[in-house]
Amino acid sequence: MEDNTLLLLNSIYECQSACKYCFNACLEEENIDMLRQCIKQTVQCAEICEHTASSLAYTGDFTHDVLGICIQACEACAAACRQHSHLHCLECAKACSECAAACRQYLDEYRQIA
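If you read the sequence shown in the working numbering, its first letter stands for residue 477, the second for the next number, and so on.
Quick look at the structure:
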């Protein structure tokens, strides 16, 4: 597996972990109603990250499409998490933003080769 693919997989797994941690931490917060969108986004983003990692590992025909969806999910999750001042939300937003950037860079590198 190429180095750039391994770096991307690392970023995806870090994002997935941050989303899962944020989800669980949100459930422990006192005012859970204000965190509903954040909770929803973290679950979706973690699931999409898992699928994206699998797609990369198998180099499927739709890997680049899946990366595009991962970018969208990460951006939506980052935006939802940035609305809160909880440390777990801010860390999740950072991991999601970094993952989206890594996916974009990977796609850009691929397009230059193709």
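Every residue, glycine too, gets a C-beta built ideally from N, C-alpha and C. As the structure is a prediction and not an experimental result, all values here were calculated from the model.
Please report the straight-line C-alpha distance between residue i and residue j, rounded to a whole angstrom.
| i | j | result |
| --- | --- | --- |
| residue 564 | residue 554 | 12 Å |
| residue 484 | residue 548 | 16 Å |
| residue 513 | residue 574 | 20 Å |
| residue 511 | residue 552 | 14 Å |
| residue 506 | residue 530 | 35 Å |
| residue 539 | residue 528 | 7 Å |
| residue 492 | residue 502 | 15 Å |
| residue 497 | residue 479 | 27 Å |
| residue 576 | residue 546 | 7 Å |
| residue 536 | residue 526 | 14 Å |
| residue 586 | residue 570 | 24 Å |
Below 8 Å between beta carbons: does that hold for residue i and residue j?
| i | j | result |
| --- | --- | --- |
| residue 499 | residue 524 | no |
| residue 579 | residue 494 | no |
| residue 482 | residue 543 | no |
| residue 566 | residue 557 | yes |
Between the options, which lies nearest to residue i when the distance is taken from Cα to Cα?
| i | options | result |
| --- | --- | --- |
| residue 519 | 579, 550, 506 and 578 | 550 |
| residue 508 | 542, 562, 575 and 576 | 562 |
| residue 517 | 535, 559 and 537 | 559 |
| residue 521 | 586, 585 and 488 | 488 |
Determine whether the Cβ of residue i lies closer than 8 Å to any Cβ atom of chain B.
| i | result |
| --- | --- |
| residue 557 | Absent from the structure is chain B; it holds one protein chain and no more. |
Alpha helix (DSSP H) runs contained entirely in the stretch 502-550, provided each spans 4 or more residues: 512-534
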